[in-house]
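Structure first, then comments.
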Amino acid sequence: MRGLNTRCLHLEESEGTTEHYGALSYPIYQSATYAHEAVGKSTGFDYSRLQNPTRQRLEQVVCTLEGGTDAFALSSGMAAISLLTEIFEPGDHIVAEADLYGGSIRLFENVSKKNGLEFTTLNCSQDDIEKAVKENTKAIYIETPTNPMMNVSDIEKISAIAKKHSLILIVDNTFLSPYFQNPLALGADVVVHSGTKFLGGHNDTIAGFLVTNNEKIQEKLRFLIKTTGAGLSPFDSWLMLRGIKTLGLRMERAQENALCLAEWLKKQSVVKKVYYPGLPEHPGYDIMKKQARGFGSMITFDVETKEQALKILEGVKMIKFAESLGGTETLITYPTTQTHADVPEEVRLKNGITDRTLRVSVGIEDKEDLIEELNKVFGGL
Ligand SMILES: *Cc1c(COP(=O)(O)O)cnc(C)c1O
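So in the working numbering, the last one in the sequence shown is 555, and the numbering has no gaps at all.
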C-alpha cells in the first residue's frame, strides 16, 4: 500500500482518468438531488442525504487512511458518535473509558441512557476491563490517549478481550489521527474521529467520521446515515479534503513543537505535572511506542493553584484561550469549565481533572514564539 502522505493526496481507484475536467481539487457537488434517465436507472447518486460525490470522495480518502472497508462523513464528531449508538438496542451494555471527551460522556449519560443503553465506566489504562463485561455487554468504547488526561490503553490487549466475548471495540482516534495510529489494524472494529480536529486541521470546519472493517456494522451505518440524515455537507466535505492534504506535515510539525513545549513545561516551577505520552516517564510511553507512530501534540498540565490557571488563560494573546484542538493555531483550554463542564465534579476529580488542570493543543507556529509567549505569562504569575 502507498504511504500515508500519498494517500492523503491521491485516491488510487480514480487515477488515470481526466474526469471532472482533470480538476486537481475535487469539485464541490452542491446539489440536493440528481436526475435519472429512466425508472431503475441511477447515476449512483439519488439524493444528497443518502450520498453526495464530494462526501463520497472524502469518505474514500478517510477509509484508506484508516485501513477500513467503509467510512462515513458526518456533520460533527458528536453526530458520528450519536449515529454509532443507533446500532445498539435498548438493554445493551457498553463498557466505556471514564476519561472520554466531555461531549461523549454527556451523550451517553443524557441521551443513550434514556434510550435504554447501560454503561460501566472505568479507567481502561488501569482497571480490569474483563471484570466489567456482563451478559448484555455489546461493546467496549475507548479513547487513547484520553481527553484530557492522556491515559494510554493497549488497543491490541483490549481487542483480545473484545474478541473473546464477541464485543465490538470502538476507538475514538481523534487525538492521534490516522497519521499516527490505526486502531483497525490493532483489532478495533470501529474508529471514531472528530474531523473538526486534526483531519480538518484549520479550526474552520465541524465534521466527524466513522470507519469500520466490519461488514455488518457497515451495512447498519449506511442505512442509518441515510435514515437519520447527519451526513456532512458538500462544502464542508471539500474543506475536509483540503485539510487532509497536509495532515502529515501538520502532525509532524505540531508534534515537534509539543515535545519541545512539554520539556519546557517540565522545567517551570509553577507546573506541578505534565501529561504528555511522548515523555519517556509517561506511564503509557511504551504502549505508544508499540501501537502508534507518534505521540501527537496534545499536552495537559497542572499548575499549583486555580488562580495561576486562570491567570495563564487570561494572559495568553497569540495562543488562544479556546476549546477544540488539532488545528494550525495553538489553543489552551480549561477542561473544568469548557470541554468537561457537563461532567459531574466528582467524576471530573476522579479522572484527575482539577481546577488547576490546563490542556494545550500545540499548533504549527514557530516553537520559539510559543515558548516566548508562555514564558512571559508564567513570569507574571
Ligand atoms: C471534539 C471531540 C469529539 C466531538 O467532536 P465534534 O466534532 O466537536 O462534534 C469527540 N471526541 C473527541 C476525542 C474530541 O476531541
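Virtual Cβ for every residue (Gly too), placed ideally from N, Cα, C. Note that the structure is a prediction, hence the values are computed from the model and not measured.
- CA-to-CA, the gap between residue 186 and residue 414 works out to about 19 Å.
- In this structure, DSSP gives residue 248 an extended state, which the three-state scheme calls strand.
- The DSSP-derived three-state label of residue 471 is coil.
- Relative to ligand 1, the beta carbon of residue 323 is positioned no closer than 7 Å to any heavy atom.
- DSSP places residue 400 in the helix class (H, G or I) of the three-state scheme.
- In the DSSP assignment, residue 219 falls outside any alpha helix (DSSP H), carrying neither H nor E.
- Judged by pairs of C-beta atoms under 8 Å, the segment 401-414 does not touch the segment 426-443, as fewer than three such pairs exist.
- Inclusion of residue 354 and residue 470 in the CB contact set at 8 Å is warranted, their separation being smaller than that value.
- Judged by DSSP in its simplified three-state form, residue 349 adopts coil rather than helix or strand.
- The beta-carbon separation of residue 472 and residue 543, rounded to 19 Å, does not stay under the 8 Å limit for a contact.
- Between residue 526 and residue 323, the C-beta spacing is below 8 Å.
- Apart from the 5 residues on each side of it in sequence, residue 484 has no Cβ closer than 7 Å to any other Cβ in its chain.
- With contact defined as three or more Cβ pairs closer than 8 Å, the segment 512-521 and the segment 279-294 are in contact.
- A distance criterion of 7 Å places the beta-carbon of residue 368 in contact range of ligand 1, judged by its closest non-hydrogen atom.
- In the DSSP annotation of this structure, residue 480 is not part of any beta strand (DSSP E); the continuous alpha helix (DSSP H) holding it starts and ends at 480-489.
- Collapsing the DSSP output to three states places residue 200 in coil.
- The beta carbon of residue 267 is closer than 6 Å to those of 292, 308, 310, 311 in its chain, skipping five residues each way along the sequence.
- The segment 219-226 and the segment 374-382 do not touch, with fewer than three beta-carbon pairs separated by less than 8 Å.
- DSSP, reduced to helix, strand and coil, places residue 316 within a strand of the structure shown.
- Closest by C-alpha distance to residue 238, out of 397, 196, 418, 371, is 418.
- Looking from the CA of residue 361, the closest CA among 548, 287, 240 belongs to 240.
- Under the DSSP definition of a beta bridge, residue 450 lacks any partner.
- About 13 Å separates the beta carbons of residue 297 and residue 328, which is beyond the 8 Å limit, so they are not a contact pair.
- In the three-state DSSP reduction, residue 267 falls in the strand class (E or B).
- In this structure residue 299 is in contact with residue 325, their Cβ atoms being roughly 4 Å apart against a cut-off of 8 Å.
- Beta-bridge partners assigned by DSSP to residue 552: none are found.
- Here the distance from the Cβ of residue 349 to the nearest heavy atom of ligand 1 is below 7 Å.
- For residue 176, there is no enclosing beta strand (DSSP E), as DSSP gives it neither H nor E.
- Counting C-beta pairs with one atom in each stretch, the segment 385-405 and the segment 431-443 have fewer than three that are closer than 8 Å, which means they do not touch.
- In the three-state scheme derived from DSSP, where H, G and I count as helix and E and B as strand, residue 285 is classed as helix.
- The three-state reading of DSSP puts residue 410 in helix, counting H, G and I together.
- The bridge partners DSSP lists for residue 385 are 245, 365.
- Distance from residue 475 to residue 521 at the Cβ level is roughly 21 Å; contact not present, criterion being Cβ atoms closer than 8 Å.
- In the DSSP annotation of this structure, the continuous segment of the alpha helix (DSSP H) that includes residue 333 starts and ends at 329-338.
- Just measuring C-alpha positions, the residue of 537, 549, 179 sitting nearest residue 352 is 179.
- DSSP places residue 188 in the helix class (H, G or I) of the three-state scheme.
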